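Asker: Here my numbering = 1-based position in the sequence shown + 435.
C-beta atoms are modelled at their ideal positions from N, C-alpha and C, and glycine is treated no differently.
Fair warning: this is a prediction, and the values are worked out from it, not measured in the lab.
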Amino acid sequence: MNTKEIKELYGWNETLEKFSISTNPQLKKEFPGSFRIKKHKGKYFWYYRLSNNVKGRDKYLCSVEPNDLEPNQTSFEYALGILNEKLRSKFVMGVRNKSYLHTYIVPYKENIDNDKHLTSSVKSGRRNTIDRFGSWSKNEGVRLNIVPTNEMKNVFLNYIKFLEKKGNQKATIKAQLQIVRYFLDWLCKDKLLDGAELFPSHPISVNLQNELLKKHITTIPREIKTFKNSYYTQGYEMCNKKIQTIWQGYCENLGKLDRIRDKNGKINQPPHMIGRDIVYFISYLQIRMGFRLSEVFYSYRNRDVYNDFHIPNYPNEMASYWEKSEDGWIIHIKKSKNKDRSVPFTDTIRSWVMPPSEELLKVSKCVLDKKGNPLYWDTPFVDVCMELFPNSYYLFPSPNHKESPNSKRSKTYYMNEFKIEMVLKNGWDKFGINSSHDLRRFFVSHSITNTELTPFQISQITGHNIVTMEKFYIRDNMKEKFNHFKKITQKDLLKIKPSKNKD
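What follows is the structure, given as structure tokens:
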């Protein structure tokens with residue numbers, strides 16, 4: 436069914452539209468246009484599109500199935516009535532209007548989608564957040580006309596209390612309130628700036644928001660998780676051993692992975708797929724260099740993919756790609772928290788069997804025993820990943836590689852796999868690790884106690900400034916504190932005799 440047929444289904448016809456516009460002086464002279472139907476989340480809505488070619492010319496009217504539709508009234512006739520109401524104020528909302536606030540959620544989400552300065556992930560987050568506020572305001576019966584009044588402050592406070600009762604922490608509540616403020620700003624913003632321009636202003640300021648949070652939300656002090664270098668070493672060794680076992684098996688099988696079999700011996704896994712064991716590869720990278728999950732999880736295999744695929748399609752989004760230099764592999768990270776950085780990665784994976792191809796032999800270092808016979812081969816970690824994972828735009832492509840060779844993996848699914856494999860099965864919660872992001876904190880805590888790395892070098896690797904590292908990422912290393920007293924003992928201090936005052 437095309438758009439015209441859908442409009443006709445709800446009472447529209449071309450003759451009636453032309454008649455309605457031609458007989459209304461305002462529509463004919465000031466606001467000529469046409470009626471449109473748009474679909475959002477499976478539901479249709481009426482819009483009036485102004486003929487003048489400016490942004491924001493689609494004026495939201497109502498749902499095609501309004502709750503207060505009269506028995507003998509068509510949906511289109513109802514939309515005409517809404518349009519006439521809006522014409523009285525020239526599409527500027529008055530405080531006497533009894534419309535509901537949630538009815539403007541849909542056009543605001545359109546505004547979000549049309550914002551070229553936002554990444555797709557930010558757009559998705561804002562849409563979801565404002566949807567939740569829209570559902571709450573609908574259940575509460577919040578009217579649109581209270582936006583410019585002090586009553587909006589009470590609504591805002593009630594929403595804060597609602598979010599707190601749901602178990603949200605202060606930081607989460609603050610992030611959601613920020614999107615609500617953006618929505619209120621949009622309702623008041625000038626049409627020339629893509630706003631709705633319904634009211635001159637609203638009373639919800641950043642200062643008011645923060646004062647309400649301070650007064651009504653109790654902040655629980657951040658738990659300082661105890662860090663031990665032995666925890667870090669155990670986590671690293673576990674990942675290294677697992678990857679080494681997979682690589683050793685691959686080399687022994689002449690370039691074929693050991694695959695999962697059912698109880699009858701039937702293989703139930705594609706011939707070139709790692710499966711859940713990917714968590715060891717990603718975790719290795721995060722433990723070793725403190726990467727954010729997305730920086731390595733969605734990393735491209737080379738610069739060409741970044742230039743030819745990412746930049747034309749996602750110019751404003753974070754990206755990373757691998758590149759080989761004379762000294763080893765480098766990952767170039769772009770626009771991660773609005774920063775660019777390049778991080779070298781020279782780790783190798785060892786096998787006691789010769790790698791299964793000439794290309795791998797060229798990049799691997801062969802170590803000989805005393806008799807001059809090959810003892811083992813060290814192959815760069817990134818080359819191992821390139822070999823074990825299917826060829827794709829991404830270093831770690833989707834498991835659905837056969838149907839979609841260049842599609843991403845699901846980060847949500849990965850985080851669940853991490854929880855099952857690393858936290859529950861391997862017991863990493865005893866290290867203070869409950870999510871993949873904790874591995875980034877682990878790296879910082881380990882590195883800050885390493886005298887070979889300065890805080891400046893760590894900040895360059897991780898993309899954090901030193902203050903942020905100290906505030907959020909450094910974990911409490913009790914052993915280092917005790918070492919201080921071993922280096923400067925009470926006995927040593929007592930040996931220092933104060934000089935006598937000759938006066």
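1. Could you check what DSSP says for Pro840 in three-state terms: helix, strand or coil?
2. Alpha carbon to alpha carbon, how far is Tyr741 from Met587? Give it in angstroms, no decimals.
3. Decide if the region 771-780 is in contact with the region 670-679; the criterion is three or more beta carbon pairs, one per stretch, under 8 Å apart.
4. Is Arg711 helix, strand or coil by DSSP?
5. Return helix, strand or coil for Phe831, following the three-state DSSP convention.
6. Would you call the region 706-720 and the region 849-867 in contact, with 3 or more CB pairs under 8 Å?
7. Whether or not the region 579-593 and the region 633-642 are in contact is what I'm after, with contact meaning three or more pairs of Cβ atoms, one per stretch, closer than 8 Å; do they touch?
8. According to DSSP, simplified to helix, strand and coil, what is Arg785?
9. With Phe480 and Ser498 assumed to form a contact (beta carbons below 8 Å), what rounded beta-carbon distance in angstroms separates them?
10. Assuming Ser572 is part of the beta strand (DSSP E), what are its boundary residues?
11. Give a yes or no on whether the C-beta atoms belonging to Tyr828 and Tyr735 are separated by under 8 Å.
12. DSSP three-state label for Arg616, please.
13. If I measure Cβ to Cβ from Lys573 and keep anything under 6 Å in the same chain, skipping five residues before and after, which residues do I get?
14. Report the option in Ile746, Phe744, Arg578, Val714 whose CA atom is closest to the CA atom of Val731.
15. Using the Cα positions of Trp764 and Glu672, report the straight-line distance between them to the nearest angstrom.
16. Helix, strand or coil for Asp864 per DSSP?
17. Can you tell me whether Lys806 is helix, strand or coil according to DSSP?
18. Spell out the partners DSSP gives Phe480 in its beta bridges.
19. Among Asp873, Pro840, Glu793, whose alpha-carbon lies nearest the alpha-carbon of Met724?
20. Here's a check: name, in chain order, each residue in its chain whose Cβ is nearer than 6 Å to the Cβ of Arg561, leaving out the five neighbours to either side.
21. Under the three-state reduction of DSSP, which class applies to Arg736: helix, strand or coil?
22. List the DSSP bridge partners of Cys801.
23. Which two residues bound the contiguous beta strand (DSSP E) that contains Ser760?
24. Return the CA-CA distance between Met850 and Thr897, expressed in angstroms with no decimal places.
25. Counting only the same chain and skipping the five closest in sequence on each side, list residues whose C-beta sits under 8 Å from that of Leu648.
26. Please state whether the Cβ-Cβ distance between Glu687 and Val817 is less than 8 Å.
27. What distance in whole Å lies between the Cβ atoms of Val577 and Tyr535, which are believed to be in contact at a cut-off of 8 Å?
28. When we look at the beta-carbon of Ile945 and count the other beta-carbons within 10 Å, is it buried (16 or more) or exposed?
29. Suppose contacts are defined by Cβ-Cβ distances below 8 Å. Is Ile456 in contact with Lys464 by that definition?
30. So what does DSSP say about His872, is it helix, strand or coil?
31. Can you tell me which residues form a DSSP beta bridge with Phe780?
32. Return the residue from the list Ser799, Phe662, Ile540 that minimises the CA-CA distance to Leu810.
33. In this structure, does DSSP put Asp550 in helix, strand or coil?
34. If you follow the alpha helix (DSSP H) that Ser665 is part of, which residue opens it and which one closes it?
35. Based on the DSSP output, what are the partners of Arg578 in its beta bridges?
36. At which residues does the alpha helix (DSSP H) containing Tyr594 begin and terminate?
Answerer: On the basis of the supplied data:
1. Coil at Pro840, not helix or strand.
2. The straight-line gap from Cα to Cα measures roughly 46 Å.
3. The answer is no - the region 670-679 does not touch the region 771-780, with fewer than three Cβ pairs under 8 Å.
4. Helix at Arg711.
5. Correct three-state label for Phe831: coil.
6. Output reads yes: the region 849-867 touches the region 706-720.
7. Yes, since at least three Cβ pairs between the region 633-642 and the region 579-593 fall closer than 8 Å, the two stretches touch.
8. The answer is strand: DSSP assigns Arg785 an E or B state.
9. 5 Å between Cβ atoms; contact.
10. First-last for Ser572: 555-575, but that is the alpha helix (DSSP H), not the beta strand (DSSP E).
11. Yes; because the gap between Cβ atoms is below 8 Å, this pair is in contact.
12. Reduced to three states, the DSSP call for Arg616 is helix.
13. Excluding residues within five positions, the ones whose Cβ falls inside 6 Å are His537.
14. For Val731, the closest C-alpha among the options Ile746, Phe744, Arg578, Val714 is that of Val714.
15. Straight-line Cα distance between these residues: approximately 21 Å.
16. It is helical.
17. Looking at Lys806 - three-state DSSP - the assignment turns out to be coil, as it is neither helix nor strand.
18. Paired residue(s): Lys473, Ser498.
19. Nearest C-alpha to Met724: Asp873.
20. Cβ-Cβ distances below 6 Å link Arg561 to Ile547, Ile614 in the same chain, with the five nearest sequence neighbours on each side left out; the list follows chain order.
21. In the structure shown, Arg736 sits in coil (DSSP, three-state: anything other than H, G, I, E or B).
22. DSSP lists Trp812 as partners of Cys801.
23. Element bounds for Ser760: 754-760.
24. Going from the Cα of Met850 to the Cα of Thr897 covers about 21 Å.
25. Only residues of its own chain outside the window of five on either side were considered, and among them Ile595, Lys605, Ile608, Lys609, Leu612 have a CB closer than 8 Å to the CB of Leu648, listed in chain order.
26. For the 8 Å CB-CB criterion, Glu687 and Val817 do not form a contact.
27. For a cut-off of 8 Å, the C-beta gap from Tyr535 to Val577 is around 7 Å, short enough to register as a contact.
28. Only positions 436 to 938 of the chain appear in this structure, which leaves residue 945 out of reach.
29. Annotated as distal: Ile456 and Lys464, with beta-carbon spacing of 8 Å or more.
30. In the structure shown, His872 sits in coil (DSSP, three-state: anything other than H, G, I, E or B).
31. For Phe780, which the question treats as bridged, DSSP gives the partners Trp764.
32. Out of Ser799, Phe662, Ile540, Ser799 has the C-alpha closest to the C-alpha of Leu810.
33. Residue state for Asp550 is assigned as coil, using DSSP reduced to three classes.
34. First-last of the alpha helix (DSSP H) with Ser665: 664-687.
35. Looking at the DSSP output, Arg578 bridges to Tyr535.
36. In the DSSP assignment, Tyr594 falls within the alpha helix (DSSP H) that extends over 586-600.
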